[in-house]
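Protein sequence lines correspond, in order, to chains W and L. 1 is the number of the first residue of the first sequence in UniProt numbering; add one for each residue after it. 1 is the number of the first residue of the second sequence in UniProt numbering; add one for each residue after it.
Number of protein chains: 2
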Amino acid sequence: MSGAPDKGRATRRQFLLGGAAAGVGAVGGAAAGATLAATAPATSPDPTASAPPALHGASTVAFHGAHQAGIATDAPAHALFLALDLRDGVDREALGRLMRTLSDDAARLSAGRPALADTEPELAPAPANLTVTFGFGPGFVARAGGEMPAWLGPLPAFGIDRLRPEYGDGDLLLQICSDDPLTAAHAARMLLKDARSFATVRWRQRGFRRAHGTQAPGTTMRNLFGQVDGTSNPRPGSAEFARTVWIDDGWLAGGTSVVVRRIRLDLDGWDRIDRAGREQSVGRTLADGAPLTGGGEHDEPDLAATTPLGFPVIPAFAHLRRARGEGGGEGAAERIFRRAYNDDADPSGEEISESALVFVSFQADVHAQFVPIQQRLDELDLLNTWTTPIGSAVFAVPPGCAPGGWIGETLLA
Amino acid sequence: MSGAPDKGRATRRQFLLGGAAAGVGAVGGAAAGATLAATAPATSPDPTASAPPALHGASTVAFHGAHQAGIATDAPAHALFLALDLRDGVDREALGRLMRTLSDDAARLSAGRPALADTEPELAPAPANLTVTFGFGPGFVARAGGEMPAWLGPLPAFGIDRLRPEYGDGDLLLQICSDDPLTAAHAARMLLKDARSFATVRWRQRGFRRAHGTQAPGTTMRNLFGQVDGTSNPRPGSAEFARTVWIDDGWLAGGTSVVVRRIRLDLDGWDRIDRAGREQSVGRTLADGAPLTGGGEHDEPDLAATTPLGFPVIPAFAHLRRARGEGGGEGAAERIFRRAYNDDADPSGEEISESALVFVSFQADVHAQFVPIQQRLDELDLLNTWTTPIGSAVFAVPPGCAPGGWIGETLLA
Chain W
1 MSGAPDKGRA TRRQFLLGGA AAGVGAVGGA AAGATLAATA PATSPDPTAS
51 APPALHGAST VAFHGAHQAG IATDAPAHAL FLALDLRDGV DREALGRLMR
101 TLSDDAARLS AGRPALADTE PELAPAPANL TVTFGFGPGF VARAGGEMPA
151 WLGPLPAFGI DRLRPEYGDG DLLLQICSDD PLTAAHAARM LLKDARSFAT
201 VRWRQRGFRR AHGTQAPGTT MRNLFGQVDG TSNPRPGSAE FARTVWIDDG
251 WLAGGTSVVV RRIRLDLDGW DRIDRAGREQ SVGRTLADGA PLTGGGEHDE
301 PDLAATTPLG FPVIPAFAHL RRARGEGGGE GAAERIFRRA YNDDADPSGE
351 EISESALVFV SFQADVHAQF VPIQQRLDEL DLLNTWTTPI GSAVFAVPPG
401 CAPGGWIGET LLA
Chain L
1 MSGAPDKGRA TRRQFLLGGA AAGVGAVGGA AAGATLAATA PATSPDPTAS
51 APPALHGAST VAFHGAHQAG IATDAPAHAL FLALDLRDGV DREALGRLMR
101 TLSDDAARLS AGRPALADTE PELAPAPANL TVTFGFGPGF VARAGGEMPA
151 WLGPLPAFGI DRLRPEYGDG DLLLQICSDD PLTAAHAARM LLKDARSFAT
201 VRWRQRGFRR AHGTQAPGTT MRNLFGQVDG TSNPRPGSAE FARTVWIDDG
251 WLAGGTSVVV RRIRLDLDGW DRIDRAGREQ SVGRTLADGA PLTGGGEHDE
301 PDLAATTPLG FPVIPAFAHL RRARGEGGGE GAAERIFRRA YNDDADPSGE
351 EISESALVFV SFQADVHAQF VPIQQRLDEL DLLNTWTTPI GSAVFAVPPG
401 CAPGGWIGET LLA
């Protein structure tokens, strides 16, 4: 699938990188392995400038592998989530053509090469860790005539939900991530051009995290509440991660599920809470994300610890306690892998901001892992005061593919 | 104004940077000078990872100086343009309080310190070249009782315009730029909180360019048409730049004007044009931005050159020829300094993308410099086929200020 090397590529990339002889990330191998082809320009355009930073535009994440990219791989700074509705009459055979085309172009773009019929090829040579991850909604699996996972469909209704149809459900998800926003926009357009005769855009959500290189790799992201977000994640590559995320059998073997929920953040309400109140509602310190019972961000909370007056140090209503449950933590059945993004839309009226968390979690079984956590949070979680789910969608995420293969072949081939 | 060092800063930044001993960019000095405090983490969180990239989160651009930051300084990857409408009853005295407060917080945030009443101080210590640039609309200058520049107001009506009020005009502009999208979002909210009792948000536009470090510094940006954008700009720091941009007298001495126009890009229409047609419409090659008469991107076009059949090599309808006019180029009176951004909004209906160029130009005199260029483009420019101005606003950009001073003091003090 990766095809013959594009002879124009080196020239374009050299141009893009200002004359640098750019290393090209190797394609293939472990899906979780990002190749950092950092380069220094041969000539600095301004001799009075400070030492030029290492360039990361040519960095690639392998598209091919046992698992799709964009799950266990480090979350880049930018994401676009696109949910499509299949057009009438698109049958199983057409779905195969659609996924072959999308996979082929996703592989090209992930390697820093233009899409097959790329109309803006000059935008392709800076993949900046571009990944494209595909998810199938219940409508897609039904048309494919495949086995329907029991968990594939709308989540149970939660009392805190105020769901808006413009952020809900869909037949096909494209999760496009890159450390470069122009690359993500270009990839989205090229893939949507591939898909437009098969499907229409149902919804689109943007997401951002800290830019590549503004903080050390491996630092937990912060959301627009200022909280660290994702501390308790299992570590990609660990046995715990594999047990949490990957499905073992059927057409989804090597795949997973993804839940995408748009959570509106009431920053004006959050502003009215002092730091102590915020920390009590979360169960962690704001400064470094450590549990209120002490230690560092990644230390286990002591849920039994009490104050001298006998109250729990981590309150009964704290998000940490409610999300985890009494039997939570390392090795627990109810774990998920979060890979969330921030979004910030245009305010209206007297608003000064309209902020959201694009909650994204991967887990082998939505019903066994995600739903119990969310049910506990629905029952009691002080954070609910300032957070409102306004979008919700679930997709089956098929396994990766080898070079020459395509995403969805285990369902459609 | 910069006040006493914040004792919490080093600790927070060290946390944010994963334990790195981060250099802090010096504040003060020439407004055009960005300080790159690139740091390497003392300990890599994953010993198997590739060599960590240089960190640029602590890089700062000086807020104080003869000119405001965010004009001559390198354009960071992300921008937010916020236009505010003053509330009824906000008088000259109140405008002074507003601008003192905004200037103080903009200076703090630009230095990587929390705003004075920062509710999310953990988001502040990665300024990533944050700049905040203020512009005053005619309503602001009128309430201040100041001298009104002749050019401060809506532009003449152009035949190609299809202006929408939601992207037009305004009393006060905040241009917030950073290489980190979370930093830009946080700065926007903190400054809007300062302003909310004085003004409401009229419009907001986002903008992006290639991420920091994906290409060599000094490379001309590309827009979503794939074209290089801004090739013919005068070079910041040059006499030509100073002549083009800075105003010499009155309360705007050391200041300039800014035109912000939202240009909708019809990418579906652009798709139907082949590469030769695109290059003819622009007058430059797509691959490297060189004029069609040869040379490199920054070489002068030969507007007199003809083909063997006697036709001009750069057609009469080409954007390059129309924008420049027959007497254009280095030293011409009708020059502007462009600092545009890309934007990509949610598509609707059968659309797969809704793209725009947020055109931003700085010039000493809108009528003498910007308007004649735009009039020529309005009369004839093949690019008009695929581009539609849908927003337009003009602001007076006051000079910078010294530490202890504030933006707008030459109008309001």
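Backbone N, C-alpha and C define an ideal beta-carbon position, used for all residues, glycine too.
Which listed residue (the options) has its alpha carbon closest to that of residue i
i: T244 (chain W); options: W:L116, W:E334, W:A287 and W:D346; result: W:E334
i: R324 (chain W); options: W:P398, W:P372 and W:A142; result: W:P372
i: L286 (chain W); options: W:G226, W:K193 and W:Q375; result: W:G226
i: F63 (chain W); options: W:R108, W:G89 and W:A142; result: W:R108
i: W251 (chain L); options: L:D105, L:F136, L:E350 and L:L309; result: L:F136
i: F140 (chain L); options: L:R376, L:D271 and L:L86; result: L:L86
i: residue 436 (chain L); options: W:A94, W:V90 and W:D118; result: This structure cannot settle anything about residue 436 (chain L), because the visible part of chain L is limited to 1 through 413.
i: T385 (chain L); options: L:A396, L:D346, L:I247 and L:H319; result: L:H319
i: G269 (chain W); options: L:M148, L:K193 and L:Q369; result: L:K193
i: D248 (chain L); options: L:R284, L:F241, L:A364 and L:N233; result: L:A364
Beta-carbon proximity list for residue i, same chain, < 7 Å, skipping 5 on both sides
i: G159 (chain L); result: D378
i: W203 (chain L); result: A83, E166, Y167 and G170
i: T131 (chain W); result: V61, A69, G70, T73, S110 and C177
i: P5 (chain W); result: With a pLDDT of 36 at P5 (chain W), under the threshold of 50, the predicted position of this residue should be treated as unreliable, though the coordinate-derived value follows. Closer than 7 Å at Cβ, skipping near neighbours: no residue.
i: T293 (chain W); result: P301, D302, A305, V313 and I314
i: E297 (chain L); result: T220, V228, T231, D288, G289 and A290
i: A402 (chain L); result: H64
i: L182 (chain W); result: L123
Closer than 8 Å to chain L by CB, residue i
i: D271 (chain W); result: yes
i: P181 (chain W); result: yes
i: S353 (chain W); result: yes
i: V260 (chain W); result: no
i: F208 (chain W); result: yes
i: T200 (chain W); result: yes
i: R189 (chain W); result: yes
i: L267 (chain W); result: yes
i: A128 (chain W); result: yes
Residue-chain proximity (residue i, chain B), Cβ-Cβ < 8 Å
i: L98 (chain W); result: Annotation note: the requested chain B is absent from the structure, which comprises protein chains W and L.
Contact list for residue i against chain W, beta-carbon separation under 8 Å
i: L296 (chain L); result: The residue asked about is misnamed: residue 296 (chain L) is Gly in this sequence, not Leu. The contacting residues do not exist; G296 (chain L) stays about 10 Å from chain W at best.
7 Å Cβ cut-off: residues of chain L touching residue i
i: R90 (chain W); result: Going by the sequence as given, residue 90 (chain W) is Val instead of Arg. The contacting residues do not exist; V90 (chain W) stays about 15 Å from chain L at best.
i: L286 (chain W); result: E122
i: R196 (chain W); result: I352
Proximal residues of chain L, C-beta to C-beta of residue i below 8 Å
i: L55 (chain W); result: G213, T214, Q215 and A216
Sequence-distant residues of its chain with Cβ nearer than 6 Å to residue i (five each side left out)
i: F362 (chain L); result: I71, V245, T256, V258 and F337
i: L267 (chain L); result: S353 and S355
i: T360 (chain L); result: Reading the sequence as shown, one finds Val at residue 360 (chain L) and not Thr. Same-chain partners within the cutoff: V260, R339 and A340.
i: S103 (chain L); result: W406 and I407
i: L163 (chain W); result: S392
i: T388 (chain L); result: R162 and R264
i: G96 (chain L); result: L412
i: A79 (chain W); result: C177, G207 and Y341
i: L400 (chain L); result: Per the sequence shown, residue 400 (chain L) should be read as Gly rather than Leu. Counting only Cβ-Cβ distances below 6 Å, and skipping sequence neighbours, we find A31, G65, A66, H67 and Q68.
i: T220 (chain W); result: V228, G230 and T231
i: L382 (chain W); result: S281 and F317
Proximity test, Cβ basis, 8 Å: residue i and chain W
i: A77 (chain L); result: yes
i: P5 (chain L); result: Reliability of the predicted coordinates at P5 (chain L) is poor, the pLDDT of 36 falling under 50, and the value obtained from them is presented with this limitation in mind. Taking Cβ atoms only, chain W never reaches closer than 8 Å to P5 (chain L), which makes this a no.
i: N233 (chain L); result: no
i: G283 (chain L); result: no
i: L192 (chain L); result: yes
i: R222 (chain L); result: yes
Contacts that residue i makes with chain L (C-beta to C-beta distance below 9 Å)
i: E147 (chain W); result: Correct list: empty, because the minimum Cβ distance to chain L is about 31 Å.
i: T60 (chain W); result: None at all; the shortest Cβ gap to chain L is about 12 Å.
Neighbourhood of residue i by C-beta, 8 Å cutoff - its chain only, sequence neighbours within 5 removed
i: M99 (chain W); result: F134, W406, I407, G408, E409 and L412
i: D179 (chain L); result: H56, S59, P76, A77, H78, A128, N129, A211 and H212
Cross-chain neighbours of residue i in chain W, by beta carbon under 7 Å
i: D346 (chain L); result: R204
i: T119 (chain L); result: D271
i: G226 (chain L); result: E120, E122 and L123
Cross-chain neighbours of residue i in chain W, by beta carbon under 9 Å
i: N342 (chain L); result: P181, L182 and A185
Inter-stretch contact (C-beta, 8 Å, three-pair minimum) for the region 301–309 of chain W and the region 207–225 of chain W: no
Using 8 Å as the Cβ pair cut-off and three pairs as the minimum, do the region 310–319 of chain L and the region 269–288 of chain L touch? yes
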